[in-house]
Amino acid sequence: MVSYIVRRISVAIPLLLCITFVTFGLMHLAPGGVSAVFIGARVRREEDRMAIIKHYGLDQPFHARYARWLGLMLRGDFGHSLVYRRPALEMIAERIPATLQLTIPAILVSVLVAIPIGVLAAIRPYSLADTLSTFLAFLFVSTPPFFLGLVAMLVLSVHLGWLPISGMSTFGLQDPSWWRVVGDRLRHLVIPSGIVLGLGYTAGLIRYVRGSMLEVIRQDYIRTARAKGLRGRVVVWVHALRNSLLTVVTVLGLWVPFILSGAMIAETISAWPGMGRLAVTAVFQRDYPLVMATLLMSATLTVLGSLLADLCYGILDPRIRYA
13 MVSYIVRRIS
23 VAIPLLLCIT
33 FVTFGLMHLA
43 PGGVSAVFIG
53 ARVRREEDRM
63 AIIKHYGLDQ
73 PFHARYARWL
83 GLMLRGDFGH
93 SLVYRRPALE
103 MIAERIPATL
113 QLTIPAILVS
123 VLVAIPIGVL
133 AAIRPYSLAD
143 TLSTFLAFLF
153 VSTPPFFLGL
163 VAMLVLSVHL
173 GWLPISGMST
183 FGLQDPSWWR
193 VVGDRLRHLV
203 IPSGIVLGLG
213 YTAGLIRYVR
223 GSMLEVIRQD
233 YIRTARAKGL
243 RGRVVVWVHA
253 LRNSLLTVVT
263 VLGLWVPFIL
273 SGAMIAETIS
283 AWPGMGRLAV
293 TAVFQRDYPL
303 VMATLLMSAT
313 LTVLGSLLAD
323 LCYGILDPRI
333 RYA
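To convert, take the position in the sequence shown, counting from 1, and add 12; that gives the numbering used here.
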């Protein structure tokens, strides 16, 4: 198992370095050039412009700038925002709690709902329940999340007035007791977390679980377990489900970056003050240090999610571990 972990990590580290190189290169190939953004239109004196260029190392070749930036990243210095004049890492850290409140409930509810529905659809293929779940899954997978959010806002917030249209909390809440605050936060979570994120996550995961379960229950060892007299519930939920979870682990590993930075659409249309909205704002403002910091964090989480999925493979399936 140790050698398996070492092999996975030895692949993840070069991949992460390649991602940092591509990210840095794309930012410096952006229209207008990085120099114009760093200097700004308000700097008119030539000596001031040259001082800024020298301070940020913009007069150095590309490989030297990349090495300097990578060294600062490894020391935890993600640079300063050009717009807000604050450390980029500090701004990201402030937005992480809000994003976690949005994404973690969506993922947990999706897993708890999708696995039972996917299993039941697989053990009763082409039944009414399977047909209905498949239709709804394809419907929500193919519908753009922003469209779901806008329709939900129009119906549930504007016309019916059941839910708040945007934000994280109600301004000027009269009763500040903890249960009122929690209830108000849950009402604000319904559209961005439950509808924009949750429906898409659940629909996609149902399809993965159903397909994987259909493949597993046709294996010889499942037929052998049934022939030995094991109850159908034990065969499905104990023996078949474990092997079908390999596909679920892959999906959950790819969802790791979405826990922090993947809720851009939901946060933007709902005015949720999270990390995804911060990244979108930074792109429109051409705040390159902040954009690079958010991209690097998202890429790191993607690699870590893939690494965690590989490690879970080794735990769930010993054949992978000793291959």
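Just so you know, even glycine gets a beta-carbon here, dropped at the ideal spot from N, CA and C.
Keep in mind the model is a prediction, meaning the values are calculated, not measured.
Kindly indicate which three-state DSSP category Pro12 falls into: helix, strand or coil?
What is shown of the chain runs 13 to 335, which leaves residue 12 out entirely.
Using DSSP with H/G/I as helix, E/B as strand and the rest coil, what is Pro176?
coil
For Thr214 versus Ser122, is the C-beta spacing smaller than 8 Å?
yes
Helix, strand or coil for Pro73, going by three-state DSSP, please let me know.
coil
To which residues of the same chain is Ile127 closer than 6 Å at the C-beta, ignoring the five residues directly before and after it?
Val221
One question on the structure: do Leu175 and Ile203 come within less than 8 Å of each other, judged by their Cβ atoms?
For the 8 Å CB-CB criterion, Leu175 and Ile203 form a contact.
Does the structure place the segment 159-172 close enough to the segment 221-239 that three or more beta carbon pairs sit under 8 Å?
no
Anyone know if the C-beta pair for Met103 and Leu302 falls short of 8 Å?
yes
Could you name the residues of the same chain whose beta carbon sits closer than 6 Å to that of Ile327, not counting the 5 residues immediately before and after it, in chain order?
none
Is the segment 308-319 touching the segment 23-31, taking contact as three or more C-beta pairs under 8 Å?
Yes, the segment 308-319 is in contact with the segment 23-31.
Pro109 by DSSP, collapsed to three states: which one?
In this structure, Pro109 counts as helix in the three-state DSSP scheme.
Reduced DSSP category for Ala53 - H, G, I as helix; E, B as strand; rest coil
Bear in mind that a pLDDT of 48 at Ala53, under 50, signals an unreliable position, so the model cannot answer this.
Excluding five sequence neighbours on each side, which residues of the same chain lie with their C-beta closer than 7 Å to the C-beta of Ala53?
A caution first: Ala53 carries a pLDDT of 48, below 50, which makes its placement in the model unreliable, though a value can still be read off. Closer than 7 Å at Cβ, skipping near neighbours: no residue.
Is any non-hydrogen atom of the ligand FAD found closer than 7 Å to the C-beta of Arg19, if you look at the structure I gave you?
Absence of the ligand FAD is noted for the structure shown, with no ligands found whatsoever.
Under three-state DSSP, which class holds Pro285?
coil
Just mark Ile21 as buried or exposed, buried being the case when its beta carbon has 16 or more other beta carbons within 10 Å.
exposed
Considering only the alpha carbon of each residue, which of Asp299, Val23 and Cys324 lies closest to His40?
Asp299
Exposure of Gly212, with buried meaning 16 or more beta-carbon neighbours within 10 Å
It counts as buried.
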